[in-house]
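Student: Questions regarding the structure given below will be posed in turn.
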Amino acid sequence: MNLSLPLNFFAKTVNCQNKLEPKVIAEIKELLQVPRRVVIFTHVNPDGDAMGSLMGLYHFLKKLGHEVTAVTPNEFPFFLTWLSGTDNVKVFTKQPTEITGKIAEADIIFCVDFNDLRRLKEAEKYVTASKAIKILIDHHPYPTPSFDYYIHRINASAAAELVYDFIRALGYQSAIDTVIAECIYAGIMSDTNSFNYNITDSSTFRKVADLLEFGLDHNRIFGLLYDNYSYNRMRLMGYCLNQKMVLLPQLHVGYLWLTQDEMNAYNFQIGDSEGFVNLPLSIRGIYISALLTEKDKYVRISCRSKGEFPVNRLCAEHFEGGGHKNAAGGEIHLPIQQALVHFEKIMEEYRDEIHRLYPNG
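When we follow the working numbering, the leftmost residue of the sequence shown carries the number 3, and every step to the right adds one.
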């Protein structure tokens with residue numbers, strides 16, 4: 003099976019692969035000249051880039067004098083609560099009435115680190131119905147035509163990098179302080195796996211160097227992102243590695259899987275499986291990895307790859323999802339055991355393509 007899909011493979015998308023246009027920036031800057039009621043959303047199951055982008059933009063817009071509400075569709079991981087201002091974040095699953103009121107009153111809605119309003123889950127219908135101006139800040143390919151303005155570049159290392167670019171393009175770099183710099187830096191560090199993924203280029207490092215000038219403590223941020231997990235999370239990781247890893251060496255695939263009962267046994271909290279999907283990639287000869295976790299009515303799948311295999315298109319075609327070339331996710335609407343069989347069957351269909359992309363094994 004060939005993964006070289008046409009540009010219009012993703013239905014109802016817009017072709018704006020690189021947009022930070024002067025006209026767009028000028029119009030948004032004009033909108034921000036007077037105090038506005040602003041709501042900022044990030045995606046369901048927010049990660050480090052989602053929260054870094056959310057909070058960096060939140061603090062920036064507050065400094066400009068706007069009334070700002072930061073929202074996540076569901077709870078965010080405990081290990082990200084150190085980001086300044088997260089105690090002010092509204093969680094839709096906990097405060098739906100208050101947040102729907104904010105959406106109804108909003109003049110502007112920013113959406114960061116996602117490109118499809120379906121990633122808002124229960125909040126989607128309220129944002130869709132809102133008459134507010136909707137502004138996307140994101141780096142995922144193929145955004146949907148749901149927004150009025152697009153701050154979008156797929157070769158950005160993280161949405162947080164685009165928040166930084168956005169602030170600079172508006173001419174407000176002087177508004178950046180240590181708090182905003184920390185949020186942006188955390189987002190970039192998180193989405194690049196500490197500057198390890200190949201999307202990171204020289205421009206990313208130059209921007210990070212600029213951020214360091216604001217006095218942030220990069221060693222502290224690294225520790226808070228990567229050395230701030232719970233004891234139960236470490237035990238769960240050990241269990242996964244010992245009992246729940248499956249290798250398909252002939253396909254260069256490795257995956258982990260967890261049931262709800264297993265997660266409950268380790269007192270699972272949101273974010274506890276962060277990074278698990280990358281573990282099989284540390285094995286020689288494994289270039290594609292996945293983590294399948296059982297939810298109430300579906301199985302969530304996260305995929306990663308090294309090199310040229312595009313897991314975003316794999317997830318879009320088979321798992322109702324999408325993402326980046328080397329990092330993507332989706333859903334399988336089957337019981338967990340059937341989902342595992344389905345995943346292996348799908349990967350077998352790509353045997354020839356995988357061998358073509360990884361000829362040296």
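Heads up, the beta-carbon is just placed ideally off N, CA and C, and yes, glycines get one too.
Buried or exposed for Met-236, please, with buried defined as at least 16 other CB atoms from any protein chain shown within 10 angstroms of its CB.
Tutor: Locating residue 236 in the sequence shown gives position 234, counting from the first residue. Flag for Met-236 reads exposed.
Student: Taking 8 Å as the limit between beta carbons, can you name the residues of its chain near Gln-19, skipping five residues before and five after?
Tutor: Position 17 of the sequence shown holds residue 19. Reliability of the predicted coordinates at Gln-19 is poor, the pLDDT of 45 falling under 50, and the value obtained from them is presented with this limitation in mind. Here the set comprises Pro-143, His-154, Arg-155, Ile-156.
Student: Measuring alpha carbon to alpha carbon, tell me which residue in Leu-172, Gly-54, Ile-356 is nearest Glu-2.
Tutor: Any question about residue 2 goes unanswered here, given that the chain covers just 3 to 363.
Student: How many angstroms separate the CA atom of Asp-140 from the CA atom of Asp-118?
Tutor: In the sequence shown, the residue the question calls residue 140 occupies position 138. In the sequence shown, the residue the question calls residue 118 occupies position 116. Their backbone Cα atoms lie some 10 Å apart in a straight line.
Student: DSSP on Met-349, reduced to helix/strand/coil?
Tutor: Within the sequence shown, residue 349 is the residue found at index 347, counting from 1. Of the three classes helix, strand and coil, the one that applies to Met-349 here is helix, per DSSP.
Student: Inspect the beta-carbon positions of His-45 and Arg-121 and report whether they are closer than 7 Å.
Tutor: Taking the first residue of the sequence shown as position 1, residue 45 is located at position 43. Taking the first residue of the sequence shown as position 1, residue 121 is located at position 119. Yes, the pair counts as a contact, with Cβ atoms nearer than the cut-off.
Student: Where does His-154 fall in DSSP's three states?
Tutor: By one-based count along the sequence shown, residue 154 stands at place 152. His-154 falls in the strand class under three-state DSSP.
Student: Can you tell me whether DSSP reads Lys-1 as helix, strand or coil?
Tutor: An answer regarding residue 1 cannot be provided, because it is not within the stretch 3 to 363 covered by the chain.
Student: Please report the distance separating the alpha-carbon of Lys-209 from that of Arg-302.
Tutor: Here residue 209 refers to the residue found at position 207 when the sequence shown is read from its first residue. Here residue 302 refers to the residue found at position 300 when the sequence shown is read from its first residue. Answer to the nearest angstrom: the Cα atoms are 34 Å apart.
Student: Decide if the region 184-203 is in contact with the region 40-57; the criterion is three or more beta carbon pairs, one per stretch, under 8 Å apart.
Tutor: Segments in contact, yes.
Student: In this structure, how does DSSP classify Gly-256 when only helix, strand and coil are distinguished?
Tutor: In the sequence shown, residue 256 corresponds to position 254, counting from 1. If DSSP states are grouped into helix, strand and coil, Gly-256 belongs with the strands.
Student: Contact check, Ser-291 vs Arg-306 under 8 Å by CB: the rounded distance?
Tutor: Within the sequence shown, numbered from 1, the residue matching residue 291 stands at position 289. Within the sequence shown, numbered from 1, the residue matching residue 306 stands at position 304. Going by Cβ atoms, the distance from Ser-291 to Arg-306 rounds to 5 Å, so yes, they are a contact pair.
Student: Which residue comes first and which comes last in the alpha helix (DSSP H) that contains Glu-77?
Tutor: Reading the sequence shown from its first residue, position 75 is the one you call residue 77. Taken as a continuous stretch (DSSP letters only), Glu-77 belongs to no alpha helix (DSSP H), as it is neither H nor E.
Student: What first and last residue would you give for the beta strand (DSSP E) that runs through Ser-291?
Tutor: Along the sequence shown, one-based indexing puts residue 291 at 289. From DSSP, the beta strand (DSSP E) with Ser-291 extends over 290-296.
Student: Assuming Val-93 contacts Ala-72 (C-beta within less than 8 Å), just tell me the rounded distance between them.
Tutor: What you label residue 93 is simply residue 91 of the sequence shown in a count that begins at 1. What you label residue 72 is simply residue 70 of the sequence shown in a count that begins at 1. Val-93 to Ala-72, Cβ: 10 Å. No contact.
Student: By Cβ distance, which residues of its chain are closer than 6 Å to Glu-310, with the 5 residues on each side in sequence left out?
Tutor: The residue labelled residue 310 in the question sits at position 308 within the sequence shown. Cβ neighbours of Glu-310 beyond the five flanking positions: Leu-359.
Student: Whether or not the region 104-113 and the region 208-225 are in contact is what I'm after, with contact meaning three or more pairs of Cβ atoms, one per stretch, closer than 8 Å; do they touch?
Tutor: Result no; under three Cβ-Cβ pairs closer than 8 Å.
Student: Hey, how far is the Cα of Gly-326 from the Cα of Ile-201?
Tutor: Counted from its first residue, the sequence shown places residue 326 at position 324. Counted from its first residue, the sequence shown places residue 201 at position 199. It is His, not Gly, that sits at residue 326 in the sequence shown. So the alpha carbons of these two residues sit roughly 10 Å apart.
Student: Can you find at least 3 beta carbon pairs, one from the region 81-91 and one from the region 160-178, that sit closer than 8 Å?
Tutor: No, because fewer than three Cβ pairs between the region 81-91 and the region 160-178 fall closer than 8 Å, the two stretches do not touch.
Student: Roughly how many whole angstroms lie between the Cα atoms of Arg-262 and Gln-339?
Tutor: Here residue 262 refers to the residue found at position 260 of the sequence shown. Here residue 339 refers to the residue found at position 337 of the sequence shown. The question names Arg, yet the displayed sequence has Gln at residue 262. Those two C-alpha atoms are separated by around 12 Å.
Student: Can you tell which of Asn-221, Gly-54, Leu-238 has its C-alpha closest to the C-alpha of Phe-270?
Tutor: Translated into the one-based positions of the sequence shown, residue 270 becomes position 268. Nearest of Asn-221, Gly-54, Leu-238 to Phe-270, Cα basis: Leu-238.
Student: Between which two residues does the beta strand (DSSP E) harbouring Val-85 extend?
Tutor: For the purposes of this step, residue 85 is taken as the residue at position 83 of the sequence shown. Note on identity: in this sequence residue 85 is Leu, with Val being the wrong assignment. No beta strand (DSSP E) holds Leu-85; DSSP gives it neither H nor E.
Student: Could you spell out the range, first to last residue, of the alpha helix (DSSP H) harbouring Val-313?
Tutor: Taking the first residue of the sequence shown as 1, we reach residue 313 at position 311. Residues 313-320.
Student: Check whether the Cβ atoms of Val-248 and Tyr-241 sit closer than 7 Å, and answer yes or no.
Tutor: Taking the first residue of the sequence shown as position 1, residue 248 is located at position 246. Taking the first residue of the sequence shown as position 1, residue 241 is located at position 239. Against a cut-off of 7 Å, the Cβ pair of Tyr-241 and Val-248 comes out as no contact.
Student: If you drop the 5 nearest sequence neighbours on each side, which residues of the same chain put their C-beta closer than 6 Å to that of Lys-123?
Tutor: Sequence index remark: in the sequence shown, residue 123 carries index 121 (1-based). Val-46, Pro-75, listed in sequence order.
Student: Taking C-beta to C-beta, are Ser-55 and Val-114 nearer than 7 Å?
Tutor: Indexing the sequence shown from 1 puts residue 55 at position 53. Indexing the sequence shown from 1 puts residue 114 at position 112. Yes, Cβ-Cβ distance for Ser-55 and Val-114 is below 7 Å.
Student: Of the residues Pro-312, Asp-219, Met-57, which one's Cα is nearest the Cα of Asp-89?
Tutor: Residue numbering aside, residue 89 sits at position 87 when the sequence shown is read from its first letter. If we check each option's Cα against that of Asp-89, Met-57 comes out closest.
Student: Buried or exposed, going by whether 16 or more other CB atoms sit within 10 Å of the CB of Gly-331?
Tutor: Along the sequence shown, one-based indexing puts residue 331 at 329. So Gly-331 ends up on the buried side.
Student: So with Cβ pairs under 7 Å, would you call His-220 a contact of chain D?
Tutor: Among the chains of the structure shown, chain D does not appear; only one protein chain is present.
Student: How big is the Cα-Cα spacing for Gly-87 and Glu-29?
Tutor: Taking the first residue of the sequence shown as 1, we reach residue 87 at position 85. Taking the first residue of the sequence shown as 1, we reach residue 29 at position 27. Whole-angstrom Cα-Cα distance: 28 Å.
Student: Going by alpha carbons, who is nearest to Asp-167 out of Phe-43, Pro-282, Pro-24?
Tutor: To locate residue 167, count along the sequence shown from 1; it is residue 165. Taking only the C-alpha atoms, the option nearest Asp-167 is Pro-24.
Student: Are Lys-65 and Ala-158 close, meaning C-beta to C-beta below 7 Å?
Tutor: Counting from 1 along the sequence shown, the entry for residue 65 is found at position 63. Counting from 1 along the sequence shown, the entry for residue 158 is found at position 156. Contact: no.
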